[in-house]
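Working notes, beginning with the structure itself.
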Amino acid sequence: MKSKLLNRTGEKTWALVFETDDEVVAELLRFAKDNRLGGAHFTAIGGLRYVVLGYFDWQQKEYVPIVIDDQVEVLSLIGDIALQQDEPKVHAHVVVGMSDATARGGHLLKAQVRPTLEVILSESPQHLRREFDESAGLPLIRI
């Protein structure tokens with residue numbers, strides 16, 4: 007993944023360009039750690055050759071993985087980065103287009119890029135924090 011800082015004043019903004027075989031969530035997390043991001047939001051478009059979506063099972067309080075082992079178009083990828091126990095955590099949802107023009111979407115658990123993923127990421131002026139919520143079974147942002 008390559009990055010370029012587009013705006014240095016106020017809310018910093020970067021362009022991140024992922025290349026074939028980059029793992030999206032791992033690279034976003036590495037970028038957040040390297041740049042000490044405690045709060046950010048991002049959007050992206052591009053292509054993936056493999057993606058694992060997650061559907062949150064409310065009864066079991068866990069994500070059920072949905073594997074798509076096929077080339078797809080990223081129609082929409084949105085998410086945020088917040089601190090959880092002083093470490094950045096990526097939370098993203100994605101909608102992907104299939105070859106028959108149908109769409110599938112959910113929580114982004116894992117994805118491999120092919121050929122590229124173009125991300126615009128903006129730092130929030132204040133850090134966001136996630137805390138575990140017993141009733142939801144998930145770490146949720148607290149403001």
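Going left to right, the sequence shown walks through residues 7 to 149 as this note's numbering numbers them.
A virtual CB, placed ideally from N, CA and C, is assigned to each residue, including glycine.
Distance CB(Glu-124)-CB(Val-102) smaller than 8 Å: Taking the first residue of the sequence shown as 1, we reach residue 124 at position 118. Taking the first residue of the sequence shown as 1, we reach residue 102 at position 96. The criterion of a C-beta distance shorter than 8 Å is not satisfied by Glu-124 and Val-102.
8 Å contact criterion, which His-97 and Leu-59 should meet: CB distance rounded: Position 91 of the sequence shown holds residue 97. Position 53 of the sequence shown holds residue 59. At roughly 14 Å, the Cβ-Cβ gap does not stay under 8 Å, so His-97 and Leu-59 are not in contact.
Through-space distance from Arg-136 to Ser-3, alpha-carbon basis: As displayed, the chain neither begins before 7 nor continues past 149, which places residue 3 out of reach and without an answer.
CB of Ser-130 within 8 Å of CB of Gly-45, strictly: Within the sequence shown, the letter at position 124 stands for residue 130. Within the sequence shown, the letter at position 39 stands for residue 45. It is a contact, given that the beta carbons lie within the stated cut-off.
Distance between beta carbons of Leu-54 and Leu-127, contact taken as under 8 Å: Numbered from 1 along the sequence shown, position 121 holds the residue referred to as residue 127. Numbered from 1 along the sequence shown, position 48 holds the residue referred to as residue 54. Going by Cβ atoms, the distance from Leu-127 to Leu-54 rounds to 18 Å, so no, they are not a contact pair.
Asp-40, DSSP secondary structure in three states: Along the sequence shown, one-based indexing puts residue 40 at 34. Residue state, collapsed to three classes: helix.
Start-to-end residues for the beta strand (DSSP E) that takes in Trp-20: Walking along the sequence shown from the start, residue 20 turns up at place 14. Start and end: 19-25.
Beta-carbon contacts of Ile-147 that lie in its chain and below 6 Å, excluding the five residues immediately before and after: Residue mapping note: residue 147 aligns to position 141 of the sequence shown, counting from 1. So the list reads Ala-88, Leu-134, Arg-136, once near-sequence residues are dropped.
Whether Gly-143 touches Lys-67 by CB criterion (8 Å): Here residue 143 refers to the residue found at position 137 of the sequence shown. Here residue 67 refers to the residue found at position 61 of the sequence shown. Closer than 8 Å, so yes.
First and last residue of the uninterrupted beta strand (DSSP E) at Asp-139: As a position in the sequence shown, residue 139 is number 133, starting the count at 1. Unbroken beta strand (DSSP E) run through Asp-139: 135-139.
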